[in-house]
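Chemist: Quick one: this structure, given as structure tokens, is what I'll be asking you about.
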């Protein structure tokens, strides 16, 4: 019975010290580990210093916007319409397709498109093509990127006419 009390008391003290109830008081040496830990990027506007685990269960940000260019997004889906879409995430700008054969082609391709910026710019678009035999040549990937950029410009011009 005495061992049970000792184990219970030890467990209670361990749990209390692990929860930070003592706040580091009683220690003779200064702890620099906790001072150097940063919970996020302070330059980020959503960074809050007093965040806790319970913030995960709070309400979502209602003003969250999509940070991709809509013309690049629609052009990517138009140009790669022969590929089956497996996954899309407009918040990160990623489109992942399955294997498909282009019209008039005999080789099967798979594409991953990443739109990194809301600007209609070549630097905003990153296309990765794969075939069942491995990566595709850089010239083929560049041709697909050029086709997507051309289609995005066409969509933008058509949108400004009305």
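Residue numbers (mature numbering (1 follows the signal peptide of the UniProt record, and there is no 0)): -20 to -1, 1 to 142.
C-beta: ideal position from N, C-alpha, C; glycine also.
(1) Need the endpoints of the beta strand (DSSP E) that residue 59 sits in, please.
(2) Check whether the region 66 to 81 touches the region 89 to 99, counting contact only when three or more Cβ pairs, one atom from each stretch, lie closer than 8 Å.
(3) In terms of residues, what are the limits of the beta strand (DSSP E) holding residue 91?
(4) Alpha carbons only, please: which of 50, 68, 81, 67 is nearest the one belonging to residue 99?
(5) Which partner residues does residue 73 have in the DSSP bridge list?
(6) Select from -6, 137, 123, -17 the residue whose C-alpha is nearest the C-alpha of residue 109.
(7) What span of residues does the beta strand (DSSP E) with residue 116 cover, start to end?
(8) Alpha carbon to alpha carbon, what distance is there between residue 70 and residue 128?
(9) Let me make sure I understand the geometry here. Which of 55, 121, 83, 73 has the alpha-carbon closest to that of residue 132?
Modeler: This is what the structure holds:
(1) Here residue 59 refers to the residue found at position 79 when the chain shown is read from its first residue. Not the beta strand (DSSP E): residue 59 falls in the alpha helix (DSSP H), residues 50 to 59.
(2) A contact between stretches requires three or more CB pairs, one per stretch, nearer than 8 Å, and the region 66 to 81 meets this requirement with the region 89 to 99.
(3) Within the chain shown, residue 91 is the residue found at index 111, counting from 1. Secondary structure note for residue 91: its beta strand (DSSP E) is the uninterrupted segment 89 to 95.
(4) By 1-based counting over the chain shown, the position of residue 99 is 119. The residue from 50, 68, 81, 67 with its alpha-carbon nearest to that of residue 99 is 50.
(5) For this step, residue 73 is matched to residue 93 along the chain shown. Paired residues: none, contrary to the question.
(6) Counting from one through the chain shown, the residue named residue 109 turns up at place 129. The residue with the shortest Cα to Cα distance from residue 109 is 123.
(7) As a first step, residue 116 is located in the chain shown; it is residue number 136 there, counting from the start. From DSSP, residue 116 is part of no beta strand (DSSP E); its letter is neither H nor E.
(8) Counting from 1 along the chain shown, the entry for residue 128 is found at position 148. Counting from 1 along the chain shown, the entry for residue 70 is found at position 90. C-alpha of residue 128 to C-alpha of residue 70: approximately 17 Å in a straight line.
(9) The residue given as residue 132 occupies position 152 in the chain shown. Nearest neighbour of residue 132 by Cα position, chosen from 55, 121, 83, 73, turns out to be 55.
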